[in-house]
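Residue numbers (numbering that gives the first Met the number 0), protein chains in the order written: chain A, 0 to 295; chain B, 0 to 295.
From the three backbone atoms N, C-alpha and C, an ideal C-beta is built for every residue, glycine too.
For clarity, every value in this text was computed on a predicted model and none was experimentally measured.
Report on the structure given below.
There are 2 protein chains.
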Amino acid sequence: MLGTASAMPVAERNPSAQALSVHGRYFLIDCGEGAQRAMVRFGVPLQRIDSVFISHVHGDHVYGLDGFLSTLAMGGRLAPLDVYGPRNLGPMLKFFLSYNEWIGFELRFHPLEKKVPEVILETKSLEVLALPLRHGVDTYGYLFREKEPPWNVEKDAIEKYGLSLTEIGTLKRGEDVLRPDGSVIANADVAYKPFVPRSYAYVSDTAPFPEEAAWFKGVDVLYHEATFLSEYEAEAQKRLHTTTLQAARLAQEAGVGKLVIAHYSSRNTDPSCYEAECRSIFPETYAAQDGDVFDI
Amino acid sequence: MLGTASAMPVAERNPSAQALSVHGRYFLIDCGEGAQRAMVRFGVPLQRIDSVFISHVHGDHVYGLDGFLSTLAMGGRLAPLDVYGPRNLGPMLKFFLSYNEWIGFELRFHPLEKKVPEVILETKSLEVLALPLRHGVDTYGYLFREKEPPWNVEKDAIEKYGLSLTEIGTLKRGEDVLRPDGSVIANADVAYKPFVPRSYAYVSDTAPFPEEAAWFKGVDVLYHEATFLSEYEAEAQKRLHTTTLQAARLAQEAGVGKLVIAHYSSRNTDPSCYEAECRSIFPETYAAQDGDVFDI
């Protein structure tokens, strides 16, 4: 958690930014002012970030991008950087480049224009979806989920049955092995899944909307903005934000493992108030502070 | 001192930014990333800033400007804001406005193109000069100096001599009063200066150059970048920066009251090393930390 404040500056926290480490890769999610300094402060290896996911072009989510990109360049970066975000982020990157033609790496912008959730990045082990939110300007949430891993074969079984490479391949695909002598080695007896696929959803900023519960069904950790305490529901509605109780009800309905909230209004910057309200509905709520680390 | 770091992000400090309070007005000098949060943290009344002075368009001096301007606007500001800086700052402000057409105040940009020091702002009590520095891109230092105040007349003297308004006016102009009866009331006997004019110079970033000592002659407080310890003089020269010893020699030659340094290289972020080197030549050196306040 590199930044947990909303738009108005406060002494205690940065505006929105998060780093996500997945299988040795580092992603940056939103990049409010001060994100790069927070990375240094909290030990995120800045140069190892290979992809950036921007929710929308409001300043508190994007004004740290120029400084971050400059620092990558000053550090001698050559590896390309992928940036995903709404189409109107494009001119900002282009304007940055017009002042920084000297940078040594390729900045690859992937403009999003989605009406429904869609996979925007896929690797052997992971997929990332962009999900259109409701916030006045074009805004996206991001869902990071591991793919079902292949089966592993128990080391003991390889020796015990004298498994061939072909047979191991069969087991890894989840199938049983049928041997020439008619015997069967059941997948369930000798293979196992190395991990249960995990998922993380990032949802900031948005008014609540009906599809959310289905989209975030069963995710392990749901980060959701909870800009306002419940007493400010009218203001939340007007500004297309979510209240504590709305976020907690969503977490409950979607059956997520854990709800992490932030993006606190500058009216009340004490996270414990937000946490308490959410926990009245969804006990597994955690109000994030800058520097917090959540294991998924 | 809102920011005392140079370009590479460090945990302990922000990049360049300072607030200067003069006769109830507030000026912002440079605006590196995080300046607005530092203002909140250190109690600078953000909305009372009426003029901004930008030295040059390198990111560590200017990437906090978008966030600062947004926050002024979100706070409902209507009062105009004057921004002084090199001509190539103009497109940045224009680009900001293209994404923020809704802002309620006038942003008045004063592009500088100076070959010699020139007054760019003058009030009854103060003048501000822009001074061209040597840093590759178009860069300006700023010299803030109070004007010589008018003479005040001692309250006791007014009664003692029964001074008329005309006679008080004469004394305030620094002249003696010649009365119809031939007697003289000497200015020196009844008038005094309420304060000795003070001055503050802001010099970041620059390679040393010969005119500096004359330009900053006798200023009360000289803020000068000292990016490098003396052992890195070759690097300082290459990057058009100043070393500790060069800054200290300048302070000595110019006979300033106090030298304040910052903009420390990320190679060595311990201000006490920089301070010690300067003090070997100019004992009245202070290595600034974020949040430090200097009275002039």
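> What is the C-beta distance between G58(A) and A6(A), in whole angstroms, given that I count them as a contact (C-beta under 8 Å)?
Replying inline: 7 Å between Cβ atoms; contact.
> Is the region 176-183 of chain A touching the region 148-155 of chain A in the sense that three or more CB pairs, one from each, lie closer than 8 Å?
Replying inline: Short answer: they don't touch.
>> Check whether the region 101-112 of chain B and the region 93-100 of chain A are in contact - that is, three or more C-beta pairs closer than 8 Å.
In response: With the cut-off at 8 Å, the region 101-112 of chain B and the region 93-100 of chain A do not touch.
>> Taking 7 Å as the threshold (beta carbon to beta carbon), is Y160(A) in contact with chain E?
In response: Chain labels in this structure do not include chain E; the protein chains are A and B.
> What residues from chain A crowd round S69(B), counting only those whose CB sits closer than 9 Å?
Replying inline: The CB of S69(B) comes closer than 9 Å to the CB of A6, H57, G58, D59, Y62 in chain A, given here in chain order.
> Anyone know if the C-beta pair for E224(A) and S203(A) falls short of 7 Å?
Replying inline: Their beta carbons are under 7 Å apart, which means E224(A) touches S203(A) by this criterion.
> Can you tell me whether E276(B) is buried or exposed, with buried defined as 16 or more other CB within 10 angstroms of its CB?
Replying inline: It is buried - the Cβ of E276(B) has at least 16 other Cβ atoms within 10 Å.
> Which residues of chain B have a Cβ atom closer than 8 Å to the Cβ of A200(A), listed in chain order?
Replying inline: Near A200(A) there are no residues of chain B at all, since even the closest Cβ is about 27 Å away, more than 8 Å.
> Are F52(A) and Y83(A) close, meaning C-beta to C-beta below 7 Å?
Replying inline: For F52(A) and Y83(A), yes; Cβs fall inside 7 Å.
>> How far does the beta strand (DSSP E) with S143(A) in it extend, from its first residue to its last?
In response: Note that residue 143(A) is Phe in the sequence shown, not Ser. Here the beta strand (DSSP E) through F143(A) covers 139-145.
> Alpha carbon to alpha carbon, how far is F281(B) from L258(B)?
Replying inline: Spanning the two alpha carbons is a distance of roughly 8 Å.
> Taking any Cβ of chain B, which residues in the region 262-281 of chain A have a Cβ under 8 Å from it, in chain order?
Replying inline: Hits within the stretch: zero.
>> Short of 7 Å Cβ to Cβ, which residues in the region 18-52 of chain B face chain A?
In response: So the list reads E32, G33, Q35, R36, V39, R40, given in the order they occur along the chain.
> Taking contact to mean at least 3 C-beta pairs separated by less than 8 Å, is the region 155-173 of chain B in contact with the region 183-197 of chain B?
Replying inline: They touch, by the three-pair rule.
> Using CA coordinates, which residue listed in A213(B), I119(B), S229(B), S279(B) is at the minimum distance from G254(B)?
Replying inline: Among A213(B), I119(B), S229(B), S279(B), the Cα nearest to that of G254(B) belongs to A213(B).
> What residue range is occupied by the uninterrupted beta strand (DSSP E) comprising R24(B)?
Replying inline: For R24(B), the uninterrupted beta strand (DSSP E) run begins and ends at 24-30, by DSSP.
>> Tell me the residue span of the beta strand (DSSP E) that contains L221(B).
In response: Note, L221(B): beta strand (DSSP E), 220-224.
> I think A37(B) touches L1(B), with their Cβ atoms under 8 Å apart; what is that distance to the nearest whole Å?
Replying inline: With a beta-carbon spacing of about 4 Å, A37(B) and L1(B) fall inside the 8 Å limit used to define contacts.
> In terms of residues, what are the limits of the alpha helix (DSSP H) holding V306(B)?
Replying inline: There is no way to answer for residue 306(B), as the model of chain B reaches only from 0 to 295.
> Got a sec, what are the start and stop residues for the beta strand (DSSP E) S312(A) sits in?
Replying inline: Here chain A comprises residues numbered 0 to 295, so residue 312(A) is not present and cannot be evaluated.
> How would you write the range of the alpha helix (DSSP H) that L64(A) sits in, first residue to last?
Replying inline: Element bounds for L64(A): 64-73.
> Within this structure, are the beta carbons of P14(B) and G31(B) separated by less than 7 Å?
Replying inline: A contact, by the Cβ cut-off of 7 Å.
> What alpha helix (DSSP H) runs, 4 residues minimum, are completely inside the region 203-271 of chain A?
Replying inline: Listed in chain order, the complete alpha helix (DSSP H) runs (minimum 4 residues) inside the region 203-271 of chain A are 211-214, 232-237, 243-253.
> Can you list the residues of chain A that A10(B) reaches, using a CB-CB cut of under 8 Å?
Replying inline: Chain A residues near A10(B): R36, V39, R40.
>> What ranges does the beta strand (DSSP E) occupy inside the region 81-151 of chain A, keeping only unbroken runs of at least 3 residues that lie completely in it?
In response: The region 81-151 of chain A contains these whole beta strand (DSSP E) runs: 106-111, 117-121, 125-131, 139-145.
> Which residues in chain A sit within 8 Å of M73(B), going by Cβ to Cβ distance?
Replying inline: By Cβ distance, chain A contributes A6, M7.
>> Quick check on D137(A) - is its C-beta less than 7 Å from some C-beta in chain B?
In response: Interface with chain B (7 Å Cβ-Cβ cutoff): D137(A) is excluded.
> For T242(A) versus A233(A), is the C-beta spacing smaller than 7 Å?
Replying inline: Cβ distance not < 7 Å, so T242(A) and A233(A) don't count as in contact.
> DSSP on L1(B), reduced to helix/strand/coil?
Replying inline: DSSP places L1(B) in coil when its eight states are reduced to three.
> What's the gap between the Cα of R47(B) and the Cα of Y25(B)?
Replying inline: Distance between the alpha carbons of R47(B) and Y25(B): 6 Å.
> Could one say the Cβ of F94(A) lies closer than 7 Å to chain B's Cβ atoms, at least one of them?
Replying inline: Yes, F94(A) counts as interfacial toward chain B.
> For L64(A), which residues from the same chain have a beta carbon less than 6 Å from its beta carbon, with the 5 sequence-adjacent residues on both sides left out?
Replying inline: The residues C30, in chain order, have a CB closer than 6 Å to that of L64(A) in the same chain once the five nearest residues on each side in sequence are set aside.
> Considering only C-alpha positions, which residue in the set L130(B), T122(B), E126(B), K123(B) is nearest to P116(B)?
Replying inline: Cα-wise, what sits closest to P116(B) is L130(B).
> So which residues on chain A does G254(B) lean against when the C-beta distance must stay under 7 Å?
Replying inline: Around G254(B), no beta-carbon contact reaches into chain A at under 7 Å, the shortest distance being about 37 Å.
>> Between the alpha carbons of R266(B) and L120(A), how many angstroms are there, rounded?
In response: Taking the Cα positions, R266(B) is about 37 Å away from L120(A).
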